[in-house]
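Chains as they are written, first to last, in my numbering: chain G, 16 to 224; chain L, 411 to 700.
Built from N, CA and C at the ideal position, the CB exists for glycine as well.
Data block below; observations after.
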Amino acid sequence: MTEFADKTFARRAEWTLSQDALQRLLAWLDGDANSDGRAYVEMRRRLSDYFGRKNCRTADDLADETLTRVARRLEEEGITRGETPARYCYIVARFVFLEHLRESQAHPTATHVSGDVAPHPAVPSEADAAEAAATHETQLTCLQKCLQELDALNRRIITRYYVGSARVKIDNRRELAESLGVSVNALTIRACRIRTRLEACVRRCAGAA
Amino acid sequence: MTTETPSVETIRDYLLGQLPESESERLDELSITDDECAERIRAVEHDLVDAFARGELHGVALDQFRSRYLTTPRRRQATRFAQALQSLDENAGSGGSSEAGRGPATLVGKTRRWRELLAVAAAVILAIASVWLVLDNRRLRERVTNTELQRDRQLREAEARRAADTVPPPTGREPSPLTIATLVLTPQLRSARQLPTVALAAGTGSLAVQLELEPVNYPAYEASLVASNGDRIVWRSDRLIARTVGDRQRIDLGLPATVLSPQEYLIRVSGVPARGASEIAGEYRFIVVR
């Protein structure tokens, strides 16, 4: 590892996110509006998705690392450039990704995968199939539980919006949007958010199972 | 910053790693800085994963999804979730606004009960299928329009006539070697759990199979029959040409009964393009019983 990288890691290790720094970060991400932390959650999710699309296995950790660096920069130097919070986060995320990529290449681990490599053998074994069936059963059980936690309208949206073949979906979505008195775009955004919550619930449930 | 919201196709290419680097970086940035674009990417990603879960991705798109998208545990987890979500379709019925209050409370229970009843249902289906096949063989045989089958049948009939001239007449109880069973297979859904079953009576000469193709278009096709017992290819077709029936395309196969035994089979259809290697165009599973 180079001297520069040593110093980078040392600095990173020295600084921890304090309560004050977190509050400053939340306020900065909110701008003028108080979102009760929703802006932070949304930004973390976008960053995590970004790293996921870059084939980083530790996408959540890298999202946290990005936000920690932004918070540190806010505390130590303030951010006076004319960038919006979202754009600044993106710029930092790019550096975090490039750094992660260099570290992965220098110290190959399982934290980054090449997009050209198929993750699984083409022909699954019987054991794989049995495990997949068990996983599917767990997912179904958890999905049932998590769906029951949704209110009736959200449950209706999730089952009508996402279920069905490609052609059926188009009709379902149009009819659902009409029945709710909203545009299809607005419905899409709402359905996406419900799905995100539902998926997180199923993930927690399956992890605990 | 003024941005033009990318199209669904562009976002799909982005998610499948098919965009040039500069364009991919632009979408990287928009996915974080632009609210509308971030939502749109999320929506397209959900639809893409759902399409995979439903078996609606084919050819290049499927290959790209497997090799370029399913590369992280999180994405594989999202795919498992999508598969569970799509199970609502087959378990909860066609749905409707009345579902809102009802919900999927009985989803897993239904699944389990369904499996418990599977054995009984299979027996009933086999009995019905056997009767149906016996009654319908003659009518369906007349409907087989594939020229290859017709020629095959004519040859067999000619051979039978020649044989009848040289050997004593059958007792009447022995099955005719000309008997043809018929099976019509539609594209297999990933979520499909109940396989079509065909009962072959003793003496059945061949199994005529009509395969309804996915909406793909190749100048020619090839088919191979894979036995589940040992996962081996037991029969291959010659080059096949699809025929149009309504708005779908079909190909017809004549499987010799001699290669069929009581077990599960997979017919793998490959499209043969004008240039290049053949590509898998569909898979059809069925069960043979005697």
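Three-state secondary structure assigned by DSSP to Y628 of chain L: The sequence position of residue 628 of chain L within the second sequence is 218, counting from 1. The answer is coil: DSSP assigns Y628 of chain L none of H, G, I, E or B.
Local conformation of Q620 of chain L per DSSP, three classes: Walking along the second sequence from the start, residue 620 of chain L turns up at place 210. Of the three classes helix, strand and coil, the one that applies to Q620 of chain L here is strand, per DSSP.
Three-state class that DSSP yields for D64 of chain G in the structure shown: Along the first sequence, one-based indexing puts residue 64 of chain G at 49. Three-state DSSP puts D64 of chain G in a helix.
Chain L contact for V178 of chain G (CB, 8 Å cutoff): Working through the first sequence from its first residue, we reach residue 178 of chain G at position 163. So yes, V178 of chain G belongs to the interface.
G681 of chain L - DSSP class collapsed to helix/strand/coil: For the purposes of this step, residue 681 of chain L is taken as residue 271 along the second sequence, with counting starting at 1. In this structure, G681 of chain L counts as strand in the three-state DSSP scheme.
Contacts around C447 of chain L, its chain only, beta-carbon distance under 8 Å, and the 5 residues preceding and following it disregarded: Counting from one through the second sequence, the residue named residue 447 of chain L turns up at place 37. Contacts found: T413, T415, P416, L437, L440 and S441.
Distance, D460 of chain L Cα to L491 of chain L Cα: Counted from its first residue, the second sequence places residue 491 of chain L at position 81. Counted from its first residue, the second sequence places residue 460 of chain L at position 50. A small correction: the amino acid at residue 491 of chain L is Phe; Leu does not occupy that position in the sequence shown. Roughly 9 Å between the two C-alpha positions.
C-beta neighbour in chain L for G130 of chain G, strict 8 Å: Translated into positions along the first sequence, residue 130 of chain G becomes position 115. For G130 of chain G, the pLDDT reaches just 46, beneath the cut-off of 50, and the residue's location in the model is therefore unreliable, although a value from the coordinates is still provided. Judged by the 8 Å Cβ criterion, G130 of chain G is in contact with chain L.
Residues of its chain near R450 of chain L, where Cβ-Cβ distance is below 7 Å and the 5 sequence neighbours each way are ignored: Residue 450 of chain L sits at position 40 when you count from the first residue of the second sequence. Excluding residues within five positions, the ones whose Cβ falls inside 7 Å are T415 and I421.
Alpha-carbon to alpha-carbon, A488 of chain L and R600 of chain L: If you number the second sequence from 1, residue 600 of chain L lands on position 190. If you number the second sequence from 1, residue 488 of chain L lands on position 78. Residue confidence for R600 of chain L is low, a pLDDT of 48 falling below 50, so the modelled location carries little weight and cannot support an answer.
Closer than 7 Å at the beta carbon, the chain G residues around D460 of chain L: Residue numbering aside, residue 460 of chain L sits at position 50 when the second sequence is read from its first letter. Those within 7 Å of D460 of chain L in chain G are Y177.
Beta-carbon separation (whole angstroms), T607 of chain L vs I535 of chain L, contact threshold 8 Å: Stepping through the second sequence from its first residue, residue 607 of chain L is reached at position 197. Stepping through the second sequence from its first residue, residue 535 of chain L is reached at position 125. The pair is a contact, with the Cβ atoms about 6 Å apart (cut-off 8 Å).
CB contact check: R642 of chain L to chain G, cutoff 8 Å: Within the second sequence, numbered from 1, the residue matching residue 642 of chain L stands at position 232. No - not a single Cβ of chain G is within 8 Å of the one on R642 of chain L.
N-terminal and C-terminal residue of the alpha helix (DSSP H) that R452 of chain L is part of: The residue given as residue 452 of chain L occupies position 42 in the second sequence. That run of the alpha helix (DSSP H) goes D445 to A463.
Three-pair Cβ contact test at 8 Å for the segment 206-218 of chain G versus the segment 162-180 of chain G: yes
Supposed close pair V85 of chain G, V56 of chain G - CB separation, criterion 8 Å: Sequence index remark: in the first sequence, residue 85 of chain G carries index 70 (1-based). Sequence index remark: in the first sequence, residue 56 of chain G carries index 41 (1-based). No, V85 of chain G and V56 of chain G are not in contact; Cβ-Cβ is about 15 Å, not under 8 Å.
F475 of chain L versus L545 of chain L - alpha carbon distance: Indexing the second sequence from 1 puts residue 475 of chain L at position 65. Indexing the second sequence from 1 puts residue 545 of chain L at position 135. C-alpha separation (whole angstroms): 45 Å.
Minimum Cβ-Cβ distance from R210 of chain G to chain L less than 8 Å: Locating residue 210 of chain G in the first sequence gives position 195, where the first residue counts as 1. Yes, because at least one Cβ of chain L sits closer than 8 Å to the Cβ of R210 of chain G.
Contact list for S497 of chain L against chain G, beta-carbon separation under 7 Å: Residue mapping note: residue 497 of chain L aligns to position 87 of the second sequence, counting from 1. By Cβ distance, chain G contributes L155.
Buried versus exposed, by CB contacts within 10 Å (16 or more), P629 of chain L: Translated into positions along the second sequence, residue 629 of chain L becomes position 219. Under this definition P629 of chain L is an exposed residue.
Endpoints, alpha helix (DSSP H) assigned at L195 of chain G: Here residue 195 of chain G corresponds to residue number 180 of the first sequence, with the count starting at 1. That run of the alpha helix (DSSP H) goes A181 to L195.
CB contact flag (E622 of chain L, L595 of chain L, <8 Å): Numbered from 1 along the second sequence, position 212 holds the residue referred to as residue 622 of chain L. Numbered from 1 along the second sequence, position 185 holds the residue referred to as residue 595 of chain L. Contact flag set, yes.
Members of the segment 79-91 of chain G near chain L, C-beta cut-off 8 Å: none
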